[in-house]
Amino acid sequence: MQNEKLITLLIIGIATIFLISCSKQNSLNGKYYDIYDGKAKLILEFNENGGRFYEIETRAITNVDTKNKSFTFSVNSRDFVVTYDLKAGGNLKYDTGSYFTSSNKNTAYKKDSEAYKKALKITK
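Following the numbering used here, the numbering of the sequence shown begins with -6 at its first residue and continues without gaps.
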């Protein structure tokens, strides 16, 4: 009987840790920077209600979908869907699709993450 309780508690503990780690991985919340020439420029900011895309003008981010790894912003009443891939180290690779005429694939770095610190060192 004691062994069964111990095994049950162990399984519940492992499941809890797994669920917490998965939920943290999917969270975009925070500030993301474009790093160039040793300088960090705020480019994306996410919170529980959406966020902001700081490019030429500030754009509101809506429809954040962590399951499908996408979010939306609007320009002149036209919606642009951005796909992304957030790595554990703080790299956010995103594709703005048809918004820009040049390169559409970009990388931003979450503030104070391992990737952010490494990118600042490399570009100095």
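All C-beta atoms, glycine included, are put in the ideal place defined by N, C-alpha and C.
Opening and closing residue of the beta strand (DSSP E) in which residue i lies
i   : result
K98 : K98 to K103
I36 : K32 to N40
One or two residues paired with residue i in a DSSP bridge
i   : result
A53 : R45
K86 : D78 and T100
K24 : E38
N63 : It should be noted that the sequence gives Ser, not Asn, for residue 63. DSSP lists D58 and T76 as partners of S63.
Helix, strand or coil at residue i according to DSSP, with G and I counted as helix
i    : result
T2   : For the sequence presented, residue 2 should be read as Leu rather than Thr. Helix at L2.
L113 : helix
Contact with chain D by residue i, beta-carbon distance below 9 angstroms
i   : result
K98 : The structure shown has no chain D; it contains just one protein chain.
Own chain partners of residue i with C-beta closer than 7 angstroms, once the 5 adjacent residues on each side are dropped
i    : result
S106 : G82 and G83
Per-residue burial, residue i [other beta carbons within 10 Å of its own, 16 or more giving buried]
i    : result
G44  : buried
V68  : exposed
K114 : exposed
A53  : exposed
K21  : Here the sequence assigns Leu to residue 21, which means Lys is not the residue at that position. With 16 or more other Cβ atoms within 10 Å, it is buried.
Cβ shell of residue i (< 8 angstroms), same chain only, five flanking positions each side left out
i    : result
Y109 : Y26, I28, A33, G83, Y102 and K103
G6   : none
G90  : F73, V74, V75, T76 and N97
Cut-off 6 angstroms between Cβ atoms - residues of its own chain near residue i, not counting five sequence neighbours on either side
i   : result
K86 : D78 and T100
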